[in-house]
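These protein sequence lines map, in sequence, to chains A and B.
Counting from 12, one number per residue, gives the positions in the first sequence under my numbering.
Counting from 81, one number per residue, gives the positions in the second sequence under my numbering.
Note that beta-carbon positions come from the ideal geometry of N, C-alpha and C, so glycine has one too.
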Amino acid sequence: MAQAPILESAECGDGLPCLRLTGAWTTPHLASLDSALAHLRWPASRQVVIDASALERLDTGGAWVLHRLLTAADHRQVEVQLQGLSLERQALLELVRRQGIGAAVPGPPRPPGGLEQLGRLAIEQVGEGISLLAFLGQVWLAFLGNLARPSRIRWRSLLAVLDGAGLDAVPIVALLSFLVGVVIAYQGGVQLRMYGANIYVVDLVALSMVRELAPLMTAIIVAGRTGSAFTAEIGTMQITQEVDALRSLGLPPLDLLVLPKIFGLILALPLLTILADVAGIAGGIVMSAAMLGVGVSDYQDRIPQAVSLASYLIGLGKAPVFAAIIALVGCFQGFRVSNSADSVGRQTTVSVVQAIFLVIVSNAAFSVLFSALGI
Amino acid sequence: MANEHIIEVEEVRTAFGTSRVHDGISFSVRRGEIVGVLGGSGSGKSVLLREIILLHRPDTGSIRLFGREVTRLEGTGANQLRRRFGVVFQSGALFSGLTVAENIAVPLREHLGLDRALARTVAFLKIALVGLPLDAADKYPGQLSGGMTRRAALARALALDPECLFLDEPSAGLDPVSAEGFDSLILQLRESLGLTVLLVTHDLDSIWRICDRAAFIGHGRVLGFDTPEALSRSPEPLVRDYFGGVRGRALREIRE
């Protein structure tokens with residue numbers, strides 16, 4: 012291993028004050044070279060000898076520090092005699108000097124201030140909202156085009172979406188809904204038991220699952236599972252120019268990539284919601300049978316009174332709307348992926364957050380609407 | 081010293097499943113040489129490069145870098161060796177979430193512990209050395225052209241002042257002017273920094289322009305390892321076809 016670099020004042024013999032460079036002046040030692048230069052005590056003389064004859068190694072990093080040493084001498088109006096530098100090293104020093112990079116370079120561009128950032132964010136969000144609406148319009152037109160010419164519908168892609176987003180999601184949706192049913196029955200049961208109103212646990216579980224929780228839970232699971240997959244798929248195709256390839260082959264990406272996803276999900280999500288209804292109520296039955304003695308037969312008696320057809324349809328009817336939101340946002344964010352790897356990750360995150368946000372907001376809007384209508 | 085071998089590849093064999101890629105490859109590179117590795121598509125050039133730079137292990141055989149056996153090397157030993165060479169990947173492989181200056185500063189900060197300002201200054205030096213305009217420093221890789229990306233990747237590979245440089249298809253996808261510019265940059269850096277360079281390439285122009293010697297790989301073996309002139313007169317049919325195509329002939333005539 013080469014010696015650590017040293018820059019020191021020394022006696023050179025011909026009477027002039029001397030700076031001697033020894034050791035390895037190389038990039039791995041840049042930090043110590045830099046501080047040695049910063050702490051250098053300059054001899055009080057107008058003339059200085061810099062002696063590089065004992066220098067073991069020199070590379071661009073070391074040559075750059077030497078260049079800064081020479082520049083510093085210039086600033087102090089000290090005349091320098093450079094001794095003992097081989098021709099190769101002189102050429103290296105010359106190469107580095109030519110680049111003209113001194114001790115300081117312009118800093119990175121400053122990030123904008125808080126107010127400017129807020130303003131930019133607001134403009135960006137409004138722009139994104141408008142683009143999303145424009146995308147919705149394009150999808151709608153493509154849909155009408157498909158309706159006019161049903162032969163353009165991609166059944167195979169649609170079935171693939173039904174399989175991937177629907178069938179493959181069955182275990183996770185069933186399990187999570189079952190657990191939600193268990194929790195509601197338990198939490199509600201504790202309260203109802205105090206009033207001796209055990210039987211009303213059926214109303215609690217069935218109505219809350221069917222009308223609110225099953226559609227919402229399913230939508231959130233699917234947004235995390237499938238919405239993100241849509242974004243990542245389209246985004247990666249965007250980066251590998253597959254989307255461009257489709258366009259230039261005269262195959263509209265909307266027909267091929269987007270419509271099957273949207274309609275596949277619009278079919279799959281209500282089916283998953285029905286599954287979640289059943290699994291949730293099953294979870295409720297298991298819990299309330301164990302804790303309150305309210306079993307299957309009680310549920311059979313009570314559910315027709317507790318859950319009106321309207322409530323059931325409202326719960327189920329929300330699912331296609333949520334599906335459209337999730338698929339639309341997922342595809343939209345996929346097309347917003349720009350030419351870099353981290354952009355896929357960023358847009359996927361945005362896609363999931365935006366989809367869940369919009370699902371919950373629209374769920375709230377439904378509640379307001381239905382209470383105004385008195386359903 | 082001058083005849084010191086930087087890279088020594090001996091009897092390397094590699095197979096993927098049942099397909100044999102390398103069937104006993106041997107060659108060596110001396111300090112300060114620029115050596116090209118050529119061969120048709122799928123001849124295993126890039127795999128060989130990956131084996132030399134410790135990204136892939138050959139099944140049998142030995143590869144020595146700076147005199148150290150790398151086929152069994154792991155952990156700290158491997159990482160110390162990695163600091164002594166730089167790699168320019170085919171498409172640049174710049175980190176897309178970082179600016180050019182930050183890309184170059186990554187090894188400086190991680191391995192040398194330089195503070196932010198010093199790392200940035202050294203990054204500027206490297207940017208200038210590879211002939212990029214300084215205002216490229218704060219651009220993201222997505223905003224650079226192909227030629228600039230290649231230069232930025234070279235600047236990152238040179239960040240730690242390596243002794244040896246590996247280039248994977250350095251001129252692929254570049255226009256002839258940019259490719260020639262990149263080639264002369266490599267030559268110039270070899271002159272001034274004393275680099276040893278191993279490049280994998282398809283580009284006959286590059287081979288004639290910068291390679292001291294070239295190894296031709298075909299049928300899993302080295303079919304020829306010599307200067308481009310000598311290689312172009314090789315009796316080996318694969319090599320003759322490669323150099324003897326219309327483009328190759330035209331180039332040789334220009335040379336002569």
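Taking only beta-carbon atoms, is residue i less than 8 Å away from chain B?
| i | result |
| --- | --- |
| Gln-358(A) | no |
| Val-255(A) | Reading the sequence as shown, one finds Asp at residue 255(A) and not Val. So, not an interface residue. |
| Gln-344(A) | no |
| Ala-115(A) | yes |
| Leu-41(A) | yes |
| Ala-102(A) | yes |
| Thr-37(A) | yes |
| Gly-72(A) | yes |
Grab me the residues of residue i's own chain with a C-beta within less than 8 Å of its C-beta, minus the 5 sequence neighbours each way, in chain order.
| i | result |
| --- | --- |
| Leu-190(A) | Gly-294 |
| Ala-153(A) | Pro-263, Leu-265, Asp-266, Val-269 and Leu-270 |
| Val-59(A) | Leu-27, Pro-28, Cys-29, Leu-30, Trp-53, Ala-84, Val-89, Glu-90, Val-91 and Gln-92 |
| Gly-238(A) | Ile-337, Ala-338, Val-340, Gly-341, Ser-362, Val-363 and Ala-366 |
| Arg-137(B) | Glu-131 and Thr-151 |
| Ile-325(A) | Arg-222, Phe-377, Phe-381 and Ile-386 |
| Leu-209(B) | Ala-235, Leu-238 and Leu-269 |
Can you tell me whether residue i is buried or exposed, with buried defined as 16 or more other CB within 10 angstroms of its CB?
| i | result |
| --- | --- |
| Met-81(B) | Residue placement at Met-81(B) is poorly supported in this model, since its pLDDT is 47, which falls under 50; the coordinates still yield a value, given next. Met-81(B) comes out exposed. |
| Val-233(A) | buried |
| Thr-359(A) | buried |
| Tyr-322(B) | buried |
| Pro-308(B) | buried |
| Met-220(A) | buried |
| Met-205(A) | exposed |
| Trp-299(A) | Correcting the residue type first, residue 299(A) is Ser in the shown sequence and not Trp. So Ser-299(A) counts as buried. |
| Ile-184(B) | buried |
| Pro-117(A) | exposed |
| Gly-73(A) | buried |
| His-40(A) | buried |
| Glu-182(B) | buried |
| Leu-186(A) | exposed |
| Glu-190(B) | exposed |
| Leu-279(B) | buried |
| Leu-44(A) | buried |
| Gly-300(B) | buried |
| His-102(B) | buried |
| Ser-123(B) | buried |
| Pro-123(A) | exposed |
Is the Cβ of residue i closer than 8 Å to any Cβ of chain A?
| i | result |
| --- | --- |
| Leu-205(B) | yes |
| Gly-166(B) | no |
| Gly-193(B) | yes |
| Gly-147(B) | no |
| Ala-208(B) | yes |
| Ser-272(B) | yes |
| Thr-201(B) | yes |
| Leu-284(B) | no |
| Pro-213(B) | no |
| Thr-241(B) | For the record, residue 241(B) in the displayed sequence is Asp; it is not Thr. Yes - at least one Cβ of chain A is within 8 Å of the one on Asp-241(B). |
Grab me the residues of residue i's own chain with a C-beta within less than 7 Å of its C-beta, minus the 5 sequence neighbours each way, in chain order.
| i | result |
| --- | --- |
| Gly-119(B) | Lys-125, Phe-296, Ile-297 and Gly-298 |
| Val-348(A) | Gly-246, Gln-249, Ile-250, Ser-354, Val-355 and Gln-358 |
| Arg-148(B) | Leu-161 |
| Ala-114(A) | Arg-79 |
Tell me the DSSP bridge mates of residue i?
| i | result |
| --- | --- |
| Asp-285(B) | DSSP lists no partner for Asp-285(B). |
| Arg-293(B) | Val-115(B) |
| Glu-90(A) | Gln-58(A) |
| Cys-342(A) | According to DSSP, Cys-342(A) bridges with nothing at all. |
| Trp-36(A) | Leu-69(A) |
| Val-277(B) | Ile-114(B) and Leu-245(B) |
| Gly-338(B) | The question about residue 338(B) has no answer, for chain B in this structure spans 81 to 336. |
| Glu-340(B) | With chain B running from 81 to 336 in the structure shown, residue 340(B) is simply not present. |
Excluding the 5 residues preceding and the 5 following residue i in the sequence, name in chain order all residues of the same chain whose CB lies nearer than 6 Å to its CB.
| i | result |
| --- | --- |
| Pro-187(B) | Ala-239 and Leu-240 |
| Met-12(A) | Any reading at Met-12(A) must be qualified, since the residue scores a pLDDT of 47, below 50, and its modelled position is unreliable; the value itself is stated next. So the list is empty, once near-sequence residues are dropped. |
| Leu-69(A) | Trp-36 and Arg-100 |
| Leu-134(B) | Val-150 and Ala-158 |
| Gly-235(A) | Val-363 |
Can you determine whether any heavy atom of the ligand ATP sits closer than 7 Å to the C-beta of residue i, and answer yes or no?
| i | result |
| --- | --- |
| Leu-282(A) | Absence of the ligand ATP is noted for the structure shown, with no ligands found whatsoever. |
Unbroken stretches of the alpha helix (DSSP H), 4 residues or longer, contained in the segment 115-197 of chain B: Fully enclosed alpha helix (DSSP H) runs of 4 or longer: 125-132, 155-162 and 180-192.
Length at least 4, wholly inside the segment 187-239 of chain A: the alpha helix (DSSP H) runs in chain order: Runs of the alpha helix (DSSP H) inside the segment 187-239 of chain A: 212-218 and 225-233.
Runs of alpha helix (DSSP H) lying entirely within the segment 299-382 of chain A, each at least 4 residues, in chain order: For the segment 299-382 of chain A, whole alpha helix (DSSP H) runs of length 4 or above, ordered along the chain, are 307-317 and 320-346.
Complete runs of the alpha helix (DSSP H) confined to the segment 100-188 of chain A [at least 4 residues]: Complete alpha helix (DSSP H) runs here, min 4: 125-159 and 166-172.
4-residue-minimum alpha helix (DSSP H) runs that sit fully inside the segment 201-271 of chain B, ordered along the chain: Every unbroken stretch of the alpha helix (DSSP H) spanning 4 or more residues and falling wholly within the segment 201-271 of chain B is given here in chain order: 226-237.
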